[in-house]
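Written below as structure tokens is the structure these notes are about.
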Amino acid sequence: REGLGTGNVGSLSILGTDKEAGALDRSLGYTASTADRSSIAEADLIICNNTSLEADHQVLAVDVIQRTKGGARLIVANSALGKIDRLISTLAMDPMRGTAAILWNSVIRVLLDDGHFTSAVLEGIPGSDEFLGAMDLDCDEAAELSGIEVTDIRKAAGIIKEARRVVIVHSPDRPQDRAADDMETLANLVVLLRATGVAAELLLPRINANSAALEIMGADPAFAAGRIPSPKGLAGAASQGELRDLLRNGAIRAALVIGEDPMAWGRIGAWFENVEFLAAMDWTNTETTEYADVVLPGSTYLETEGTRCNFEGRLVEFSRAVEPPAAVSGKEVLQGLAGEFGIDTAVDLTAELKSLIGDNLGSLSCFYWNTGETRRSEYPERLVATETRAKAVSIQPPLTHGEKYKKEIREVGTERFRVRA
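See below:
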């Protein structure tokens, strides 16, 4: 932003999800997991929505399997149910893609109609009037739209009624079962459960590794580093939606692509068809580095040092294990590039980022940059009105090396790898 004077900063992988940053800021005060994975060990009900534990979160799957063996119930909502989903779940539902929010709104509607969430409970939660005004689908309509039987919707509500410690697991960047306002709907369920005395948590595991840190790093048009709102009046996009429009309309004339490979895919590559100058930075050759006017050497996590923030918001520090072939790490290359724009990079970047986060987020820092602190929010939780509509979305192609690797791993066991006798 400072060097180029533009708000056009973001991740192509995240832009492809069609979600805006800060989706839960209004309801929870922050958009991050409300707890760490240890909450699973104490849950008596686990709800997995748009989360393929078997394919995408194998480590988290172990925690869930162990807890179900310990007696916890499991509800799964996934349009393509895996073996684990069917074998260990108390209730497995396969809603039509794009209708998950309709499904969970209908479950909430059943709980409201049955008096589980009483008027006294609702009166104590800000935003309840607008929330109730948007609950315009009855159970029969929701069943028709989602493809889930009314009996299963009611069964899900009945299981939730009996739970005292609930953990909801939802992958915000998984495109297969993404739905309009799905995160907000699940947050509403968490807020309502907490208001009745239930210990409810929301875990947001990511498909794209380290993407939970993108907002606090400033890799989003809406936020500068430290999750500070982007300066007003800055040229370019002010939101992910605006940046998507600029890309789709071919309005971008120059770009620096770091670690992603959009030119390998026709639909995403078309976003750059009008660029007059393209620079790419990566640790190996890609279609995008072949296409670029200038290529800068990147490095893997083994060849550099720094920090990551996982989906729990936990800060993980790592050291350089081997020297990069270019003799400089990707971070050092970016620092040199910043220096060409007159930006002072002779600072401890980790310490500077920690200071920015602490100054801007205060008590909410523990959800984004956690080094062992107890997660506690002083923000008053509220209910938000959500849209009960289905929205068709395209499946985002794998743009990073990590995504490509995961895609190949998912294909193990399919026809092209099967050995016939």
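Its first residue numbered 36, the sequence shown is counted upward by one per residue in our numbering. For each residue, glycine too, the CB sits at the ideal point set by N, CA and C. All figures in this text were calculated on a predicted structure; none of them were measured in a lab.
| Query | Result |
| --- | --- |
| Cut-off 6 Å between Cβ atoms - residues of its own chain near glutamate 77, not counting five sequence neighbours on either side | Arg200 |
| Nearest-angstrom Cβ-Cβ length linking alanine 273 and alanine 257, presumed shorter than 8 Å | 7 Å |
| Residue burial classification, glutamate 250 (beta-carbon count within 10 angstroms, cutoff 16) | buried |
| Cβ pair alanine 112, cysteine 83 closer than 9 Å | yes |
| Same chain only: Cβ atoms within 6 Å of serine 412, ignoring 5 sequence neighbours per side | Gly64 |
| Cβ pair aspartate 328, alanine 305 closer than 9 Å | no |
| Close beta carbons around asparagine 243, own chain, < 8 Å, minus the five adjacent residues each side | Ser46, Ser48, Ile49, Asp208, Thr435, Gly437 and Glu438 |
| Separation of glycine 276 from leucine 282, as counted between CA atoms | 10 Å |
| Best match in Val226, Asp149 and Asp129 for proximity to leucine 180 [C-alpha to C-alpha] | Asp129 |
| Counted within 10 angstroms of its Cβ, other Cβ atoms place leucine 331 as buried (16 or more) or exposed | buried |
| Cβ neighbour criterion (16 or more within 10 Å) applied to valine 97 | exposed |
| Where the alpha helix (DSSP H) containing threonine 342 begins and where it ends | First-last for threonine 342: 341-344, but that is the beta strand (DSSP E), not the alpha helix (DSSP H). |
| Segments of 4+ residues assigned as alpha helix (DSSP H) that fall wholly inside the segment 161-211 | 163-168, 174-181 and 185-197 |
| Backbone secondary structure at leucine 391 - three-state DSSP | helix |
| For alanine 286, the three-state DSSP class (helix, strand or coil) | coil |
| Presumed contact (8 Å Cβ cut-off) between serine 400 and glycine 407, rounded CB distance | Not quite, the Cβ-Cβ distance comes to about 12 Å (not below 8 Å), so this is no contact. |
| C-alpha gap between alanine 178 and leucine 224, whole angstroms | 19 Å |
| Distance between alanine 299 and glycine 106 (C-alpha atoms, nearest Å) | 46 Å |
| Pair within 9 Å by beta-carbon distance, valine 351 and threonine 342 | yes |
| Start-to-end residues for the beta strand (DSSP E) that takes in valine 351 | 350-353 |
| Beta-carbon separation (whole angstroms), asparagine 140 vs leucine 172, contact threshold 8 Å | 6 Å |
| Distance, asparagine 85 Cα to alanine 212 Cα | The displayed chain sequence assigns aspartate, not alanine, to residue 212. Using only the alpha carbons, I get a separation of about 5 Å. |
| Inter-residue Cα distance where the pair is alanine 290 and valine 202 | 41 Å |
| Leucine 434 (DSSP reduced to helix, strand or coil) | coil |
| Top-ranked residue by Cα proximity to leucine 39, from Arg417, Lys389 and Gly271 | Gly271 |
| Alpha-carbon to alpha-carbon, serine 124 and leucine 228 | 21 Å |
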